[in-house]
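Here is the structure we will look at.
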Amino acid sequence: MRRAVEFDVFKLMPEWSRKAARAVLPASFVDASRDRVLAIFYGFGKSYVDRESRLVTFIRRRMLHTKPVLHHLDVHIADHCNLRCRGCSHFSNIAAPALVDLDEFSADMHRLARLMRVRDIFLLGGEPLLHPQLDRFIREARDAFPRTAIYLFTNSTLVTRMPEVVWRALAETGVILYCDRYPVDLPVDEIDRMAAEHDVTVKWTEDRSEFFSIPLDLTGSQDAAASFAACSGVDNCVNLRHGRLYPCARIAYIDILREHFGIDDLAATEADSISISGDVDPWKIMDFLKAPVPWCRHCDQEHLYWYPWSKAGSEAGIEQWTDAASREEGSR
């Protein structure tokens with residue numbers, strides 16, 4: 034069985050230690066300390082777009098004329114989710130059932146592979162295990178990117194019900210099953226046992242009961258450049274959707290929130306993403322992804338805060354993403 038050897042920064046400052054520290058120290062100090070640990074050991078603050086040095090980039094681009102290397106890519110398999118987490122950054126808790134088209138996914142992945150290399154690809158959602166053709170998505174992703182580290186990122190609640198064809202696809206492609214450890218009753222030992230039986234590499238996040246949120250500014254009055262600079266290494270995970278690359282999931286899936294609440298002012302335009310179709314220069318795509326877009330003016334990075342995980346109620350409103358009162362849980 035192939036095992037991914039990776040460094041888990043969250044063990045350096047686990048949740049129990051943060052909670053203990055909050056008992057005697059201001060929450061803002063504790064969360065700022067966590068951020069510093071992330072910055073030092075994990076690269077929190079380093080770009081998810083490009084982590085090559087300027088010299089290497091210059092040589093690749095100007096001398097060797099080789100493909101650029103995108104550090105991290107997120108791709109949805111399904112937009113909706115069965116867990117409905119409050120404040121989901123992909124808006125999956127309010128998304129109507131929506132499954133990604135396999136043919137479009139395959140075409141987009143192979144087209145992107147012709148343009149650039151990708152170091153890490155995360156197949157996610159929503160909840161990817163909701164897609165009945167998941168095994169074929171796994172195989173198509175590996176076919177397009179034979180040397181890339183690929184992860185199937187799941188909320189873990191449906192893993193024990195995964196069909197045999199999905200287990201087989203994971204084992205035969207070397208795609209890693211990445212399980213999020215939400216504070217719900219998860220059969221961790223059973224999942225580990227099933228993964229071992231199927232010769233599948235499984236990785237878990239830390240035990241998590243709190244997440245960070247970047248409040249939405251519905252007026253769009255933030256400084257886009259400043260917001261983008263603060264977002265680097267925090268939430269700027271490039272997303273591929275409908276043949277276009279987006280700087281983050283918020284912009285890629287803002288249509289879900291906008292249509293759900295009827296807020297036209299939040300619409301993303303063509304200036305907020307870039308097409309991978311036609312005669313495009315991959316290096317100009319990278320340039321685009323490393324610069325702010327107009328929609329960045331809607332992210333209030335200054336008031337990023339940590340909050341306890343919970344499920345969103347059926348009548349939950351837009352305050353999940355905008356309510357300043359929630360910052361009392363742990364303002365920075």
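Numbering (my numbering), first residue to last: 34 to 365.
By construction, the Cβ of each residue, glycine as well, lies at the ideal position given by its N, Cα and C atoms.
Quick one, are the C-beta atoms of residue i and residue j less than 7 Å apart?
i, j, result
"Ser246", "Tyr340", "yes"
"Tyr215", "Lys236", "no"
"Leu273", "Val89", "no"
"Asp153", "His105", "yes"
"Glu223", "Asn188", "no"
"Cys332", "Ser254", "no"
"Ala146", "Phe178", "yes"
"Arg233", "Leu203", "According to the sequence as given, residue 233 is Val; it is not Arg. Cβ atoms of Val233 and Leu203: closer than 7 Å."
"Met142", "Pro315", "no"
"Ala319", "Pro165", "For the sequence presented, residue 319 should be read as Met rather than Ala. Result no, Cβ atoms of Met319 and Pro165 do not sit closer than 7 Å."
"Ile289", "Ala128", "yes"
"Gly10", "Ile209", "Examination of residue 10 is not possible in this model, given that the chain is present from 34 through 365 alone."
"Val82", "Leu322", "yes"
"Ser242", "Trp354", "no"
"Leu135", "Arg169", "yes"
"Pro280", "Ala304", "no"
"Lys344", "Arg117", "yes"
"Asp213", "Thr238", "yes"
"Pro220", "Thr193", "yes"
Against chain C, does residue i count as a neighbour if the rule is that its beta carbon must be under 7 Å from one of theirs?
i, result
"Ser80", "Annotation note: the requested chain C is absent from the structure, which comprises a single protein chain."
Can you have a look at residue i and say buried or exposed, based on whether 16 or more other CB atoms are within 10 angstroms of its CB?
i, result
"Phe138", "buried"
"Gly295", "exposed"
"Ser306", "buried"
"Leu97", "exposed"
"Thr206", "buried"
"Arg175", "buried"
"Pro196", "exposed"
"Gly346", "exposed"
"Ser125", "buried"
"Ala301", "buried"
"Glu173", "buried"
"Phe91", "exposed"
"Arg119", "buried"
"Pro248", "buried"
"Ala228", "buried"
"Val271", "buried"
"Asp112", "buried"
Under 8 Å Cβ to Cβ from residue i, same chain only, skipping five residues before and after it: list those, please.
i, result
"Ala258", "Pro325, Cys329"
"Arg144", "Gly276, Ile309, Ser310"
"Asn115", "Glu160, Leu163, Asn188, Thr190, Leu191"
"Arg291", "Asp297, Leu299, Ala300"
I'd like the list of long-range same chain contacts for residue i, defined as Cβ closer than 6 Å, with 5 residues on each side in sequence excluded.
i, result
"Glu335", "none"
"Ile73", "Any reading at Ile73 must be qualified, since the residue scores a pLDDT of 48, below 50, and its modelled position is unreliable; the value itself is stated next. Answer for Ile73: no residue qualifies."
"Ala349", "none"
"Asn269", "Tyr81, Pro280, Cys281"
"Ile287", "Leu299, Ala301"
"Asp250", "His331, Asp333"
"Ile351", "Phe294"
"Arg93", "Thr99"
"Leu103", "Met149, Val151"
"Phe155", "Asp107, Tyr184, Phe186"
Specify the secondary structure class of residue i as computed by DSSP and reduced to three states.
i, result
"Asp153", "strand"
"Cys204", "As written in the sequence, residue 204 is Ala, which differs from the Cys given in the question. In the structure shown, Ala204 sits in a helix (DSSP, three-state: H, G or I)."
"Val102", "strand"
"Pro341", "strand"
"Ala182", "strand"
"Cys114", "coil"
"Ile351", "coil"
"Asn269", "coil"
"Asp333", "coil"
"Gly346", "coil"
"Ile287", "helix"
"Val89", "helix"
"Ser308", "strand"
"Ala282", "helix"
"Asp107", "strand"
"Arg144", "helix"
"Arg119", "coil"
"Arg84", "coil"
What does a CB cutoff of less than 7 Å around residue i pick up in its chain, not counting 5 residues either side in sequence?
i, result
"Ser308", "Gly276, Arg277"
"Trp200", "His231, Val233"
"Ala263", "Gln334"
Can you check the region 186–262 for any beta strand (DSSP E) of at least 3 residues that lies completely inside it and give the ranges in chain order? 209–214, 235–240, 243–246
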